[in-house]
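In this text, residue positions in the sequence shown follow the UniProt record's numbering: the first is 1, and each later residue adds one.
Beta carbons: idealized from backbone N, C-alpha and C, even for Gly.
Notes to accompany the following structure.
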Amino acid sequence: MADPKIEEALAPLRAAVKEQGDLVRSLKQSGAPDLDVKKAVVELKARKKILEDKELSLIPNVTFDRAKMEDLLKRRFFFDQSFAIYGGITGQFDFGPMGCAMKANMLNTWRSFFVLEEQMLEVDCSILTPEPVLKASGHVDRFADLMVKDIKNGNCFRLDHLIKAHLEKVAMEKGATPELKAECADIVVKLDGMTKDEMAAILKKFNIKAPLTNNDLTEPIEFNLMFATQIGPSGLVKGFLRPETAQGIFVNFKRLLEFNQGKLPFAAAQIGNAFRNEISPRSGLIRVREFTMAEIEHFCDPNDKAHPKFDTVRDTTLMLYSACNQMDGKSAEAVKIGDAVDKGLVANQTLGYFMARIHQFLVKVGVDPAKLRFRQHMSNEMAHYACDCWDAECLTSYGWVECVGCADRSAFDLTQHTKATGVRLAAEKKLPEPQTIDVVGMYHVESYELILSAAAVCRLMAKFSILNIYYGCHIPEAQPNKGAVGKEFKKEAKQVMDALAALDKDGVEQLAKQLAETSIYTLSVDGKDVKLTKDHVEVKKYQKTVHVEEITPNVIEPSFGIGRIMYAIFEHNFKTREGDEQRTFFSLPPVVAPYKCSLLPLMNNPEFIPIIKKLSQDLIQLDVSIKVDDSAGSIGRRYARTDEIAIPFGITIDFDTLKDATATLRERDSCQQVRIPLSELPTIVRDLAIGRRQWSEVESKYPKQGEVKE
């Protein structure tokens with residue numbers, strides 16, 4: 001912020017954040033205990049929140065009449081609460097004709113902007129997801145929260161949030177001793193790692209009650225944010241409604257790689273609904289239980305994250321709120337993405353390229369660039385699989401809202417699904433020149449063999465010393481003596497052979513070392529130790545010339561929350577007519593406006609009907625969506641109605657049209673009008689709607705029409 005008075009008010013808060021940020025850095029550098037670091041981070045977050053709230057309160061012209069906007073959205077049925085006649089369901093919304101059309105236009109723009117422009121592979125995967133898939137991805141464990149209920153009215157509360165809010169209140173009360181404050185701070189820091197019993201004990205110790213009602217609370221119960229279901233009539237196959245669309249892409253990686261002729265990099269995209277059973281959904285479209293996502297998974301070589309089109313966006317300027325600036329109490333800074341990547345602020349070119357493209361897309365569909373920033377995740381909030389992550393955040397009346405996440409997910413997901421299934425989700429990379437490598441107990445299995453069970457693979461390897469078909473990387477296996485293993489372990493022989501087949505390269509090398517040194521190797525089989533000798537298993541060593549290496553691709557993931565983006569667009573484009581506070585409308589860009597053009601006969605005259613029909617047909621043939629408003633009322637009042645639903649252009653048919661075959665074309669935001677021949681109108685409106693032509697060009701070419709008092 002440039003205003004000296006504002007900066008003067010913020011200076012002490014910025015200094016407080018920087019002081020705490022320096023402390024966090026110092027603790028990390030000195031290897032301080034995790035508990036001390038966590039305490040310092042909690043205090044840093046608290047100071048950051050105070051600073052951000054103060055910044056928002058000092059922004060000029062920040063006042064926004066949300067109630068008036070929501071009234072317009074509801075009245076013109078952009079969206080409304082689901083099942084409203086039954087009382088409605090919190091966190092669920094239905095899009096009406098205007099909201100549905102706007103959403104479709106935005107998704108079509110997204111497809112053109114990303115899928116077509118970047119030649120991505122689009123998929124549409126199942127919403128019902130078997131439990132093992134989400135177990136491997138970490139969602140089954142990660143999405144479980146502890147919850148308590150008000151015993152009288154049944155209201156639910158997330159337990160860690162409830163305890164945190166209560167203890168912060170206790171610590172702020174007059175008379176709170178230093179010991180009590182320290183105890184509260186210590187509990188808040190440890191909440192993430194506490195068990196259900198430990199949290200239950202805190203509830204009792206501090207006599208925590210339900211907010212507002214002060215009623216007693218139930219014992220803590222586990223609540224998984226995923227919607228569980230049973231797949232099929234037997235009830236034996238447990239599943240969930242997907243919490244994100246990404247996993248469908250990851251499990252289809254092999255098919256997508258084959259479709260792309262085995263080449264990296266490539267990107268896959270998916271648009272679809274995801275579900276999260278939020279404990280307390282709120283803030284309209286911002287936090288809901290069912291939402292539309294548009295996600296991209298860009299697979300690339302982990303050692304080469306350059307992007308061939310990076311130079312096309314290098315000079316794009318973004319507002320970057322880096323982790324360093326957050327810790328130093330500074331504001332977001334305008335930085336060219338090329339400079340950000342060159343300096344290492346953004347991890348790599350591919351991540352930077354998508355950040356620039358995300359910015360371009362959001363501005364195109366109506367986000368105010370002055371209310372858009374990219375905030376970098378700090379190290380303590382970074383997902384464990386990510387090496388860099390930036391959120392595109394939009395400033396709304398609710399504060400800064402994350403609308404798009406852009407993360408470098410490394411190889412986490414593909415690795416997890418490989419471990420869970422035994423199917424190698426990897427790609428081949430041609431070596432610059434052939435290499436001779438040492439192979440330990442190496443067997444080469446064609447891709448289709450990998451779908452066999454470990455025991456079947458092991459039996460194949462026992463039968464053939466080497467399968468001479470090379471696929472991918474080296475798959476280390478020990479060679480079991482099937483006869484000796486069967487004779488020694490009888491019914492447990494299959495489990496022993498499965499365990500041998502599951503050994504990775506390091507495991508095989510350890511096996512070889514122990515057999516050489518002690519002649520005995522201890523193998524863990526279903527939790528039991530089994531003693532193996534050289535009679536049971538043999539490890540062969542030899543050399544092989546290879547021409548390719550196997551790599552597990554890294555993933556750059558832009559993830560778009562469509563509902564949140566739509567809400568930000570609504571706020572950023574909600575306007576009132578100058579001089580008339582009751583005249584509200586949405587100034588949506590034509591590319592996402594529900595209708596592109598209205599057709600308005602000046603009055604109910606039969607001679608106008610054939611002209612309206614002809615114009616309608618011509619516009620529809622050019623894929624221009626239209627709305628005919630031949631209702632009673634003045635033309636000014638009808639203009640106001642079409643403005644409310646964001647129609648950017650309006651054609652008015654009047655008596656002059658019957659004389660000279662011209663009509664009035666009106667632009668919504670400026671209310672300016674020009675006179676254009678009927679024969680030219682459809683093409684002009686189409687070009688304006690898709691951005692091929694600007695209103696200023698049309699206005700300069702055709703004669704102006706007098707304004708209509710509205």
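Opening and closing residue of the alpha helix (DSSP H) in which residue i lies
i, result
"E8", "P4 to Q29"
"H547", "Not the alpha helix (DSSP H): H547 falls in the beta strand (DSSP E), residues K541 to I551."
"S700", "W695 to K701"
"I249", "A246 to V251"
"D36", "D34 to L58"
"G636", "I635 to E644"
"S616", "I609 to Q621"
"T518", "K505 to T518"
"E183", "P178 to K190"
"E571", "I562 to H572"
Three-state secondary structure assigned by DSSP to residue i
i, result
"R76", "coil"
"R583", "strand"
"V423", "coil"
"R409", "coil"
"R692", "coil"
"C458", "Annotation note: pLDDT 37 at C458 (below 50); position unreliable, coordinate value reported separately. Three-state DSSP puts C458 in a helix."
"F354", "helix"
"D498", "helix"
"P281", "coil"
"K528", "strand"
"L264", "coil"
"S447", "Here the model assigns S447 a pLDDT of 28, short of 50, so the residue's position is not dependable, and the following value carries that caveat. Helix, per DSSP."
"Q705", "strand"
"H377", "coil"
"C473", "Residue confidence for C473 is low, a pLDDT of 37 falling below 50, so the modelled location carries little weight; the figure read from the coordinates is stated next. In the structure shown, C473 sits in coil (DSSP, three-state: anything other than H, G, I, E or B)."
"Q672", "coil"
"F558", "Reading off the sequence shown, one finds Pro at residue 558, where the question assumed Phe. Correct three-state label for P558: strand."
"T415", "helix"
"A661", "coil"
"T396", "strand"
"M1", "At M1 the pLDDT is 43, less than 50, meaning the model places this residue with poor confidence; the figure from the coordinates comes in the next sentence. Looking at M1 - three-state DSSP - the assignment turns out to be coil, as it is neither helix nor strand."
"P682", "helix"
Continuous beta strand (DSSP E) stretch holding residue i: start and end
i, result
"I651", "F649 to I653"
"G239", "V237 to L241"
"R276", "From DSSP, R276 is part of no beta strand (DSSP E); its letter is neither H nor E."
"F206", "Counting along the chain, F206 falls outside any beta strand (DSSP E), and DSSP gives it neither H nor E."
"R287", "Careful: R287 lies outside any beta strand (DSSP E) and carries neither H nor E."
"L600", "C597 to P601"
"F223", "I221 to N224"
"I626", "I626 to V628"
"A228", "A228 to I231"
Check whether residue i and residue j have beta carbons under 8 Å apart
i, j, result
"C156", "K164", "no"
"G194", "E571", "A quick correction: the sequence has Met, not Gly, at residue 194. Cβ distance not < 8 Å, so M194 and E571 don't count as in contact."
"P558", "F354", "yes"
"L264", "D301", "yes"
"H417", "A136", "yes"
"residue 749", "L27", "Look at the range of the chain in this structure, 1 to 710, and you will see that residue 749 is not part of it."
"L600", "R564", "no"
"V546", "P434", "yes"
"I437", "K505", "no"
"P277", "F227", "The sequence shown places Asn at residue 277, rather than the Pro named in the question. Yes. Within cutoff."
"G650", "S616", "no"
"L35", "V188", "no"
"V288", "G91", "yes"
"I231", "P132", "no"
"Q673", "K627", "no"
"K513", "I520", "no"
"N105", "V592", "yes"
Contact belief for residue i with residue j at Cβ below 8 Å, rounded distance in angstroms
i, j, result
"D408", "N554", "7 Å"
"Y595", "I647", "5 Å"
"E244", "M293", "7 Å"
"E393", "C406", "About 11 Å separates the two Cβ atoms, so there is no contact after all."
"T109", "V365", "6 Å"
"K120", "A269", "Reading the sequence as shown, one finds Met at residue 120 and not Lys. M120 to A269, Cβ: 4 Å. Contact."
"V335", "L351", "About 14 Å separates the two Cβ atoms, so there is no contact after all."
Any chain C beta carbon closer than 8 Å to residue i
i, result
"V237", "Looking at the structure shown, chain C is missing, and only one protein chain is on hand."
Ranges of the alpha helix (DSSP H) found wholly within the region 301 to 352, counting only runs of at least 4 = Listed in chain order, the complete alpha helix (DSSP H) runs (minimum 4 residues) inside the region 301 to 352 are 323 to 328 and 337 to 342.
Uninterrupted beta strand (DSSP E) stretches inside the region 92 to 159 (no shorter than 3 residues) | DSSP runs (the beta strand (DSSP E)) wholly in the region 92 to 159: 93 to 95, 121 to 123, 128 to 130, 144 to 149 and 156 to 158.
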